[in-house]
Amino acid sequence: MTVSVGIDKIGFYTPDLYLDMAELATVRGEDPNKYLIGIGQSKQAVIPPTQDIVTMAANAASQILTSNLKAEVAMVLFGTESGIDNSKASAVYLAHLLGLSPQTRAIELKQACYGATAGLQLAADYVRVHPQAKVLVIGADVARYGLRTAGEVTQGGGAVAMLVTANPQILALDGVSSYHTEDVMDFWRPTYRTEALVDGKYSTNVYLDFFKTVWADYQQQTDRTIADFNAFVFHLPFTKMGRKGLRQILPEAQPDQQESLKAAFEASQEDNRNVGNLYTGSLYLSLLSLLRHGQLASGARLGFFSYGSGAEGEFFSGILQPNYQQGFDDVALTTLLAQRKRVSVAEYEDIYHAQLSNDSRDVQLPVGEETAQYYLAGRQNQQRQYREQ
């Protein structure tokens with residue numbers, strides 16, 4: 005008997021600060037509609053120096069891991085392109101911070117925004133062979149392009165945590181996927197830089213070309229058509245990009261289905277529009293947004309397009325499970341986003357410059373206003389100091 009494997013639980017965390025995109029546009033001398041409509045972003049998460057990928061991942065994972073589940077996690081797969089160490093995996097720091105068993109594999113994965121999907125697929129393959137195992141998959145990043153740059157409007161940050169198990173509550177993966185890799189210089193970040201380098205228009209074109217390629221290959225592999233899908237979930241560095249992807253395939257659908265697919269996309273982009281770019285976590289925040297704001301019934305087939313610049317793309321699908329709403333805390337997520345504090349552009353710029361420096365100095369960060377359970381207190385003896393409250 006084939007074991008059903010997929011996403012059992014999803015948690016999400018982003019810090020309690022945000023920047024209004026209309027205000028940013030005004031201060032930068034741009035028409036607000038360029039950001040609100042042309043890019044499709046309304047708010048952007050602002051990451052204080054007391055949060056990094058490890059603490060954000062811990063804050064997301066703590067939402068889905070009970071004490072009993074922590075003891076059952078066999079592996080942590082941490083997708084990120086915002087690594088804090090060139091040798092030691094962020095997953096090792098995270099496993100310690102969460103109090104996971106020492107009998108746990110802990111690995112960091114990197115391929116731009118594709119890292120969490122690599123983790124999901126590796127986790128699913130592992131659980132198919134070891135159906136009693138549970139794997140924690142993380143997508144956590146801080147998206148930085150620099151102040152007053154073209155990419156500034158597509159910054160953001162946060163973390164998504166997923167528990168991959170047999171007989172999952174949320175989504176059963178169908179085990180078939182199509183992937184495509186090319187050496188493309190659309191986006192990269194050399195080790196000597198804290199901000200990424202990107203050719204935005206070129207990257208958008210590569211994203212759309214890769215989607216067409218993997219969608220066509222997936223159809224050939226499975227004999228499925230667009231009529232077999234109830235929704236498509238896209239990697240959303242900004243929401244307009246996913247909208248462009250969906251428009252490429254809508255003509256394949258009948259008019260009634262076109263409308264339902266467009267409605268599902270609107271639901272899937274709602275939270276991303278108000279958080280910004282999560283890099284590795286963006287696709288899975290889009291999934292969570294669809295589950296929270298959409299009107300899908302159990303048994304619905306969802307198609308996923310994952311993209312990581314440089315470049316790798318993958319299309320795969322899964323089936324929503326009965327009572328999938330029990331796999332995430334909708335009330336807590338609504339509260340998390342609603343209780344954030346708006347910062348001015350001047351405050352955002354100060355926070356941007358206040359990030360932990362890339363040197364060996366001891367630093368004690370101001371943690372008095374930190375509200376998260378896990379936070380970064382500073383650096384001592386060239387080691388980051390993580391705390392729980």
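Under my numbering, think of the first position of the sequence shown as 5, with each following residue one higher.
Just so it is clear, CB atoms sit at the ideal spot from N, CA and C, and this is done for glycine as well.
Quiz item: Quick one: what's got a C-beta closer than 8 Å to His134's C-beta in the same chain, skipping five residues either side?
Solution: Ala78
Practice problem: Spell out the partners DSSP gives Thr4 in its beta bridges. | Solution: Given that the chain is displayed from residue 5 to residue 393, the structure contains no residue 4 and the question cannot be resolved.
Practice problem: Grab me the residues of Lys345's own chain with a C-beta within less than 7 Å of its C-beta, minus the 5 sequence neighbours each way, in chain order. | Solution: Asp20 and Leu21
Practice problem: Can you give me the start and stop residues for the alpha helix (DSSP H) that Lys114 sits inside? | Solution: Neither: Lys114 is in no alpha helix (DSSP H) and is coded neither H nor E.
Quiz item: Ala49 lies in the beta strand (DSSP E); which residues open and close that run?
Solution: Lys47 to Ala49
Quiz item: Helix, strand or coil: how does DSSP classify Val31 here?
Solution: helix
Quiz prompt | For Gln258, the three-state DSSP class (helix, strand or coil) | solution = coil
Quiz item: Going by beta carbon distance, what residues of the same chain come within less than 7 Å of Gln325, once the five residues before and after it are set aside?
Solution: Pro172, Gln173, Ile174, Leu175, Ala176 and Ser302
Quiz prompt | N- and C-terminal bounds of the alpha helix (DSSP H) containing Val210 | solution = Gly204 to Thr226
Quiz item: Pairing CB atoms from the stretch 230 to 246 with CB atoms from the stretch 306 to 319, are three or more of them under 8 Å?
Solution: yes
Quiz prompt | Rounded separation between Phe242 and Glu318 - CA only | solution = 18 Å
Quiz item: Is there contact between the stretch 45 to 62 and the stretch 121 to 134, where contact requires at least three CB pairs shorter than 8 Å?
Solution: no
Quiz item: Is the Cβ-Cβ distance between Ser313 and Cys117 less than 8 Å?
Solution: yes
Self-check item: Residue closest to Pro370, alpha-carbon to alpha-carbon, out of Ala376, Gly382 and Ser361
Solution: Gly382
Practice problem: Select from Asn362, Gln330, Gly285 and Asp203 the residue whose C-alpha is nearest the C-alpha of Ile68. | Solution: Gln330
Quiz item: With Thr169 and Lys138 assumed to form a contact (beta carbons below 8 Å), what rounded beta-carbon distance in angstroms separates them?
Solution: 5 Å
Exercise. Could you work out which residue in Thr6, Met25 and Gln48 is closest to Leu341 when comparing CA atoms only?
Key: Gln48
Self-check item: Alpha-carbon to alpha-carbon, Val279 and Glu112
Solution: 24 Å
Self-check item: Whole-Å CB distance - Glu156 paired with Tyr283, under 8 Å assumed
Solution: Actually they are not in contact, since the Cβ atoms of Glu156 and Tyr283 sit about 15 Å apart, beyond 8 Å.
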